[in-house]
Structure formats: structure tokens, C-alpha cells
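Colleague: Can you keep this structure in mind? I'll have questions shortly.
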Amino acid sequence: MKKFFALFLAFAMVLSLTAAYADGLAVGSFDPATAGDVELTFGWWGNQVRDEVTKAAADYFTENYPNVTFNLNTQVWDNYWALMNTYSANNDLPDIMQQDYAFIEQWVAAEDLLDLTPYVESGALDLSGVPQNIIDTGKVGDGLYAICAGVNAPALLYNKTLTDKLGIEVPDINLTWEQFEEISRKIYEAEGIGVVFGQGNSENPLTYYARSLGYRALWDANGVLPTAEEMAGYYERLMADVAEGWMFDTDRIANVNVVDLAQNPLVYGATNDVRTWCAFAFSNQIAAFQKAADADGIELGITSWASSDPVASNYMKPGQFFSITTDTKNPDVAVAFLNYLINDVQGNIILRAERGVPANSEVAAAIADEVNKLDPTYGVAVDYLSRVEKNCSPIFPPLPSYAGTVNNDVIQRLSDEALLKNPQITAEEAGQDFVDSTNEIAADY
């Protein structure tokens with residue numbers, strides 16, 4: 002990662018790459034114009050901003066190659082994976098699909114993703130501008146199955162207009178859990194605005210917590226790494242903060258929308274009792290959150306998620322990946338389009354780094370001036386990532402195959418129970434339940 006940001010700073014004023022592609026898009030060694038009429042299908046999960054910029058980038062490709070058109074399919078996170086699993090069962094996955102670091106191994110094991118190594122070797126997919134450590138995040142075994150669409154990191158996005166009004170200073174990195182609780186109490190006492198913690202059925206906050214204890218990950222192929230007693234600490238603090246009133250309980254969470262960013266309680270809500278002062282998000286989401294916040298004249302700030310050991314917890318990761326599926330009937334054209342998404346300067350200006358800072362470090366630098374004109378949050382995200390780079394630990398391995406089942410059957414259930422106003426379980430029971438239930442599921446895989 003250090004090489005990535007060193008290159009970014011070194012090339013910060015470089016715009017020569019635009020001229021290099023003036024005679025055509027960066028499509029690698031294969032000419033899509035020779036393919037005849039082709040319709041590529043492209044699926045991703047996202048938000049309004051991502052949908053708009055991705056469609057515009059696809060349209061720009063078609064302007065240059067009128068024989069290539071697109072059937073675009075965008076969904077919210079949960080719907081996306083359910084739909085892609087249905088497509089997989091019917092051998093009808095889109096040519097290009099957005100992938101997540103957590104799930105690559107599962108999709109490779111199902112033989113759904115194309116190994117891109119031969120295309121890199123032939124020059125059809127040019128990764129010469131992408132740092133090797135970024136390339137490696139898309140590898141499983143000896144194969145390369147995914148290309149990083151953008152670099153990001155966990156990010157606490159917060160209502161800076163509110164904290165400035167109250168005279169509260171939020172650290173720009175390494176926010177401790179104690180600081181987070183103190184700030185949350187002050188805001189709740191002053192304005193009645195609370196906090197929605199975690200992401201329901203996501204392992205992300207638990208992984209962040211486990212890393213603060215000295216573990217690299219929450220689990221491995223055999224089961225949970227922390228002990229039941231250690232996991233009890235995670236649930237204990239949630240229960241205590243709900244009891245204090247400022248953390249949303251399960252019933253209150255049901256009355257807000259944390260999936261649709263435009264209606265997230267950080268940026269949406271008629272009264273303070275349904276608003277939050279922060280959102281546990283990722284750095285690439287700041288553009289969409291800020292666009293939604295503009296309606297209320299809210300300026301957002303950005304810092305790291307709260308942790309008892311922020312440096313151990315925090316990490317940099319691929320924001321998303323692009324993969325070519327084994328169901329594609331036009332792999333050469335799909336790879337040419339993938340090369341465009343990674344390496345074309347004008348295409349990346351259109352994409353506005355919404356998925357994260359571009360993996361091609363030269364492109365990341367070349368688009369800086371133009372993207373900042375369109376979206377000032379690009380510079381904010383790059384600056385935040387430069388701070389994270391100096392205050393983080395190596396990312397955890399891709400999630401074990403049983404993770405999705407645990408998310409739905411264990412994490413969501415225990416989150417709902419722990420966040421009740423009057424929970425029917427103790428923190429110790431929740432910690433033991435999490436470990437026992439997860440290990441039981443792991444043993445069945």
C-alpha cells in the first residue's frame with residue numbers, strides 16, 4: 002500500500018496519460034471493434050451515485066465501440082447476492098460481475114469466475130500500473146480471478162456540521178472506543194441524536210473487534226479465533242450503550258433505513274430521535290453519503306471506526322472487485338471492457354472513484370484534478386487513506402465458506418437480541434452462543 006500512495010503523490014500533477022489514450026480507449030491488446038455486435042451483461046451492487054457513474058462509463062465505452070452495448074443490472078447488497086446465486090444455478094451469470102473480497106474463494110470454488118492469468122500474460126489485460134500487492138488480493142491459489150476496482154478502508158462518516166456546532170473535536174484517525182462513547186453521550190445529551198452500531202448480519206464490526214484483541218481475523222476454516230469470554234466483551238459494550246440510551250435498540254433500528262444511503266439516519270430523518278451522528282461505512286461511500294447530506298446542508302467528516310486498539314483493527318482493502326464469469330460467451334470483449342475500467346483515464350474520470358481510489362496508481366493521480374472538480378470527496382478519501390496507511394495492520398484473509406450462513410443465522414440473531422432494551426441473554430451467554438453456533442456451522446462445511 003505504501004508504494005500505492007507514494008506513486009499517487011509523485012504523480013499528483015500528471016495528466017499525460019489522458020493524451021496517451023487520446024486515439025482510443027485503454028482496452029488492452031484486443032480490439033472490441035473486431036468482435037461484431039456484442040451485448041455484455043454487467044452486474045453490481047451499489048447506490049444512486051454508483052449506478053449513475055457506472056452507466057455513464059458503459060455509455061462512453063459504447064460511444065467509442067458502437068458494436069458493444071450493455072445490459073446493466075444493479076441491486077442493493079442483499080438482493081445482489083441472492084440474484085447472482087440464482088443466476089449461477091442457471092448458468093446465466095453476467096459477463097462482468099462486481100465481487101467482494103469476502104466471497105471470492107466461494108465463487109472460485111463453485112467454478113463461477115474466469116482465471117484472468119492468460120489475459121494478463123497475453124497483454125489483453127494490462128496490470129502494469131497496479132501494485133503487485135493490490136493484484137494479489139484478487140488471487141486464489143495460482144489463479145487471478147478478480148481485479149481490484151478501488152482501494153478503501155473502514156471509515157466512520159459523521160455529521161461534522163453537528164460536532165462543530167457542539168464544539169466537539171473528533172480525532173481524524175485512531176478513534177478509541179472510549180472516545181467514541183464519550184462523544185456519543187455528549188451528542189445524545191445535547192441533541193437526542195444517537196448511534197446505529199454495526200451492520201446487522203455483517204461480520205465486519207466483529208472482525209474489527211477481534212483484530213483489536215490481537216487476532217488477525219475473526220475466524221478461519223475451523224471456526225472462531227477469539228474465546229467465548231473474549232467475544233462476550235463485544236456484546237457487553239453493546240448492551241451497556243443501549244442501556245444508556247444513545248445506542249439504537251433493535252426496535253428503533255427497525256424504524257430507520259440503514260441500507261439505502263439516501264435514507265440512512267446519518268443524512269435523513271424528520272426528527273432527532275431517528276437521526277444518528279455517524280455511520281459505520283467505508284471510505285469509498287463518502288461520495289454517496291455526502292450527496293445525500295447536501296440536501297440538509299450537512300458537511301461530513303471522516304475518521305476510523307472506534308476500537309480499543311485502532312491500529313490493530315484498521316486495514317486497507319479492495320473496495321470491490323471486477324470479475325469475468327465462466328458463463329460469459331464473449332470473454333475477449335469482457336476483458337477489454339475490464340481493462341478499460343481499470344486503465345482508462347477518461348473512463349475513470351466518469352467513474353469518479355466512487356468504488357474507491359483506482360487500483361492503477363498512475364490513473365489515480367491522473368484523474369485527481371478532474372474528479373475533484375466533480376466530487377471534492379475524492380481528495381478527502383485519498384487523504385483519509387493516506388492516514389490509514391500509516392495506522393493499520395494487514396488485512397484479514399478472505400472469509401471462510403461458512404461465513405454467509407453465520408452472518409444470517411448467528412450474527413443477525415445475536416445482534417437483534419443484544420440490542421434489545423431488555424435483553425433476555427447476558428453478554429457471557431451471547432459470547433458463548435456465538436462461538437458454539439459458529440463452530441458448529443463451520444464443522445458442517
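Start counting at 1 in the sequence shown, then tack on 1, and there's your number in the numbering used here. We treat Cβ as the ideally placed atom computed from N, Cα and C, and that holds for glycine. In this text the structure is predicted, and so the values were computed from the model without any measurement.
1) I need the DSSP call for D310, collapsed to helix, strand or coil.
2) Identify the continuous alpha helix (DSSP H) that holds V69 and give its terminal residues.
3) So, at 7 Å on beta carbons, what are the nonlocal neighbours of T70 in its own chain, with the 5 sequence-adjacent residues on each side left out?
4) I need the straight-line Cα distance from K292 to V171, nearest angstrom please.
5) Quick check: is the beta carbon of D52 nearer than 8 Å to any beta carbon in chain C?
6) How far does the alpha helix (DSSP H) with E204 in it reach, from first residue to last?
7) When the Cα atoms are used, what is the spatial distance from V259 to V197?
8) Check each candidate in F397, F283, Q180 and name the one with the smallest Cα separation from G151.
9) Is the CB-CB distance between A218 and F397 below 8 Å?
10) In this structure, how does DSSP classify N153 when only helix, strand and coil are distinguished?
11) In its own chain, which residues sit with a C-beta less than 8 Å from the C-beta of A23, not counting the 5 before and 5 after it?
12) DSSP state of Q49, grouped into three classes?
13) For Y88, which three-state DSSP category applies?
14) Report the rounded CA-to-CA distance for S129 versus D32, giving the unit in angstroms.
15) How would you label Q425, buried or exposed, when you count the other beta carbons within 10 angstroms and need 16 or more for buried?
16) For S185, collect the residues of the same chain with a Cβ closer than 6 Å to its Cβ; drop the 5 residues on either side in sequence, then sort them by chain order.
17) Considering only C-alpha positions, which residue in the set I254, I194, A58, A110 is nearest to L421?
18) Taking DSSP as the reference, what is the three-state secondary structure of N160?
19) Is it true that the CB of L176 sits closer than 8 Å to the CB of L157?
20) Roughly how many angstroms separate the alpha carbons of Q347 and A431, rounded to a whole number?
21) Do the CB positions of L339 and F322 come within less than 8 Å of each other?
22) When burial is assigned at 16 or more other CB atoms within 10 Å of the CB, is V77 buried or exposed?
23) On the CB-based measure, 16 or more other CB atoms within 10 Å of its CB, does K4 come out buried or exposed?
24) Between which two residues does the beta strand (DSSP E) harbouring F283 extend?
25) Whole-angstrom Cβ separation of V436 and M232, contact assumed at under 8 Å?
26) Among all the DSSP beta bridges, which residues are the ones paired with E40?
27) By DSSP's criteria, M240 is part of a beta bridge. Which residues make up the other side?
28) Could you name the residues that DSSP lists as bridge partners for L301?
29) Between which two residues does the alpha helix (DSSP H) containing F435 stretch?
30) If we ignore side chains and look at the alpha-carbon of each, how far apart do P377 and K391 end up?
31) Which class does M232 belong to by DSSP, given the choice of helix, strand or coil?
32) How long is the line joining the alpha carbons of V257 and Y236, rounded to whole angstroms?
33) DSSP on P319, reduced to helix/strand/coil?
34) Would you say K161 and L386 are within 8 Å of each other, going by their C-beta atoms?
35) What residues in its chain sit with their C-beta under 8 Å from that of I350, if we drop five residues either side in the sequence?
36) What residue range does the alpha helix (DSSP H) around Q107 cover?
Modeller: Put simply:
1) If DSSP states are grouped into helix, strand and coil, D310 belongs with coil.
2) No alpha helix (DSSP H) holds V69; the beta strand (DSSP E) holding it covers 69 to 76.
3) Correct list, in chain order: E40, T63.
4) The alpha-carbon separation between K292 and V171 amounts to approximately 22 Å.
5) Considering every chain present, this structure includes no chain C. It has just one protein chain.
6) According to the DSSP assignment, E204 belongs to no alpha helix (DSSP H), since it is labelled neither H nor E.
7) Cα to Cα, the separation comes out at about 9 Å.
8) Among F397, F283, Q180, the Cα nearest to that of G151 is on F283.
9) F397 sits close to A218, with the two beta carbons spaced by under 8 Å.
10) It is a strand residue.
11) Only weak support is given to the placement of A23: the predicted model assigns it a pLDDT of 38, under 50, and the value that follows is read from those uncertain coordinates. Hits under 8 Å: none found.
12) The answer is helix: DSSP assigns Q49 an H, G or I state.
13) It is helical.
14) Their Cα atoms are separated by approximately 19 Å.
15) When all chains shown are included, Q425 counts as exposed.
16) Contacts found: V196, W247.
17) A check of alpha carbon separations from L421 across I254, I194, A58, A110 identifies I254 as the nearest.
18) Three-state DSSP puts N160 in a strand.
19) Yes; because the gap between Cβ atoms is below 8 Å, this pair is in contact.
20) Distance between the alpha carbons of Q347 and A431: 51 Å.
21) Not closer than 8 Å, so no.
22) In the assembly as shown, V77 is an exposed residue. Its beta-carbon has fewer than 16 other beta-carbons within 10 Å.
23) With a pLDDT of 45 at K4, under the threshold of 50, the modelled position of this residue cannot be trusted; read the value that follows with caution. It counts as exposed.
24) From DSSP, the beta strand (DSSP E) with F283 extends over 279 to 283.
25) Contact between V436 and M232 holds, since their C-beta atoms are separated by about 6 Å, short of 8 Å.
26) Looking at the DSSP assignment, E40 forms a beta bridge with T70.
27) Looking at the DSSP assignment, M240 forms no beta bridge with any residue, so it has no partner.
28) Note: L301 is bridge-paired with N160 in the DSSP secondary-structure output.
29) Element bounds for F435: 428 to 444.
30) Taking the straight line joining both Cα atoms gives about 23 Å.
31) It is helical.
32) Computed Cα separation, rounded: 22 Å.
33) Here P319 sits in strand by DSSP.
34) Not closer than 8 Å, so no.
35) A distance below 8 Å between beta-carbons, with the five flanking residues on each side excluded, links I350 to the following residues of its chain, in chain order: I368, E371, V372, L375.
36) Residues 105 to 110.
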